[in-house]
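Undergrad: Here's a structure for you.
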Amino acid sequence: MLKLILEAFISISGITAASGIVYHDNQLHIVSDNSNYIYSYHLTDQKLSKTVLQEFPSMENIAKADKMDLESITFDGNRYYLYGSGSTPKRKSRFTWDGKTVTQEDYSQVYSFLMDEFNISGEDFNIEGVVHLHDKILFFNRGNGPKGINAILEYHPLARDKSRCIPMKLPKLNGIATGFSDAILVGNEIYFIATAEDAKSTYLDGEIGGSILGRLPSDLSAKPETFEIPEKHKFEGITLKEKTAQGLVFLLCEDTDSEDNDLTIYSLKISN
44 MLKLILEAFI SISGITAASG IVYHDNQLHI VSDNSNYIYS YHLTDQKLSK
94 TVLQEFPSME NIAKADKMDL ESITFDGNRY YLYGSGSTPK RKSRFTWDGK
144 TVTQEDYSQV YSFLMDEFNI SGEDFNIEGV VHLHDKILFF NRGNGPKGIN
194 AILEYHPLAR DKSRCIPMKL PKLNGIATGF SDAILVGNEI YFIATAEDAK
244 STYLDGEIGG SILGRLPSDL SAKPETFEIP EKHKFEGITL KEKTAQGLVF
294 LLCEDTDSED NDLTIYSLKI SN
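So this is what it looks like as structure tokens:
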């Protein structure tokens with residue numbers, strides 16, 4: 044049984060609706076689901092910078108109907124990859140950033156393939172976490188649609204016939220179903236977070252019931268272990284900060300479903 048300790052780590056002014064986070068080289072790189080920037084915060088200098096992803100009349104606090112809904116960011120050691128949720132036609136872009144140049148791709152064909160191949164309707168398709176693993180991409184579909192499809196979609200870009208869908212049964216919190224909200228690879232294990240939100244919709248927000256931490260082998264050969272995270276937060280992003288003699292330290296960001304631009308990053312220490 045893991046022991047979890049949740050603490051406030053740092054507060055950053057200027058970011059709302061944080062949805063994904065990567066810690067690398069003493070910097071935090073953060074995406075927001077209602078912004079067209081990638082935010083970078085240098086922990087030593089305590090300075091926030093913004094990189095434009097796509098020019099838009101409104102760059103922040105974009106209306107729900109118009110936003111790209113960037114829900115995940117992952118790092119392969121060289122480049123950062125940012126993914127839209129795919130829950131509406133405007134939310135199907137992938138951005139690649141090498142620290143200098145941003146490239147945008149239309150990812151609608153990939154998302155359409157996954158929906159058609161695994162019989163997932165548009166109302167149930169909502170990508171909230173992405174892990175790059177060797178020659179495949181793991182998409183974590185959040186089960187906040189009508190059918191509650193929590194699943195990992197294993198996509199093989201060079202061999203689509205090897206792609207597969209692995210349904211995942213996740214626990215309820217305070218009587219509310221949980222759904223994937225992000226994931227990260229640590230060694231040969233995947234750690235993920237899932238949130239409890241009382242809304243059967245990939246579009247609308249609902250009452251927050253808290254979040255859980257889960258882990259499973261990276262080959263997806265076993266059922267996940269899950270652990271309740273203290274307090275009631277809607278955590279949407281997870282990144283590894285460090286390994287210690289006692290265990291692992293993650294950093295988490297949350298979406299408070301408000302326009303408050305003071306973002307609190309939390310540390311989550313786990314040990315046996």
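Heads up: the sequence shown runs through residues 44 to 315, numbered per the working numbering.
Note that CB positions come from ideal geometry on N, CA and C, so glycine has one too.
Just to check my reading of the structure: F293 and I281 have Cβ atoms closer than 8 Å, yes? What is that Cβ distance to the nearest angstrom?
TA: Indexing the sequence shown from 1 puts residue 293 at position 250. Indexing the sequence shown from 1 puts residue 281 at position 238. Confirmed, about 5 Å.
Undergrad: Distance check for F118 and S136, CA to CA, integer angstroms please.
TA: By one-based count along the sequence shown, residue 136 stands at place 93. By one-based count along the sequence shown, residue 118 stands at place 75. Distance between the alpha carbons of S136 and F118: 17 Å.
Undergrad: Can you say whether I48 is buried or exposed, counting buried as having 16 or more other CB atoms within 10 angstroms of its CB?
TA: Position 5 of the sequence shown, counted from the first residue, corresponds to residue 48. I48 is exposed by the Cβ-count criterion.
Undergrad: Please state the DSSP three-state secondary structure of F132.
TA: For the purposes of this step, residue 132 is taken as the residue at position 89 of the sequence shown. In the sequence on display, residue 132 carries Pro and not Phe. P132 falls in the helix class under three-state DSSP.
Undergrad: Between S254 and the rest of its own chain, which residues show a CB-CB distance below 6 Å, the 5 nearest in sequence each way excluded?
TA: Residue mapping note: residue 254 aligns to position 211 of the sequence shown, counting from 1. Answer for S254: I236, T238, I272, H276 and F278, listed in chain order.
Undergrad: Exposed or buried, N69, counting other C-beta atoms within 10 Å across all chains shown (16 or more means buried)?
TA: The sequence position of residue 69 within the sequence shown is 26, counting from 1. Burial call: exposed.
Undergrad: So, at 8 Å on beta carbons, what are the nonlocal neighbours of V229 in its own chain, with the 5 sequence-adjacent residues on each side left out?
TA: By one-based count along the sequence shown, residue 229 stands at place 186. So the qualifying residues of the chain are L283 and L291.
Undergrad: Under a three-way DSSP split, which group does F161 fall into?
TA: Taking the first residue of the sequence shown as 1, we reach residue 161 at position 118. Three-state DSSP puts F161 in coil, outside helix and strand.
Undergrad: Measuring only the C-alpha atoms, how far is T139 from S206?
TA: As a working mapping, residue 139 is identified with position 96 in the sequence shown. As a working mapping, residue 206 is identified with position 163 in the sequence shown. Using only the alpha carbons, I get a separation of about 22 Å.
Undergrad: Let me check understanding here. Comparing Cα to Cα, which of S115, Y80 and K266 lies closest to I105?
TA: Taking the sequence shown and counting its residues from 1, one reaches residue 105 at position 62. I105 has its Cα closest to that of Y80, out of S115, Y80 and K266.
Undergrad: May I ask which residues mark the beginning and end of the beta strand (DSSP E) holding D97?
TA: Working through the sequence shown from its first residue, we reach residue 97 at position 54. Strictly speaking, residue 97 in this sequence is Gln, with Asp absent from that position. That residue, Q97, is in no beta strand (DSSP E); it is neither H nor E in DSSP.
Undergrad: With DSSP collapsed to three states, give me the class of F168.
TA: By 1-based counting over the sequence shown, the position of residue 168 is 125. It is coil, neither helix nor strand.
Undergrad: Consult DSSP for D88 and reduce its assignment to one of helix, strand or coil.
TA: Counting from one through the sequence shown, the residue named residue 88 turns up at place 45. Three-state DSSP puts D88 in coil, outside helix and strand.
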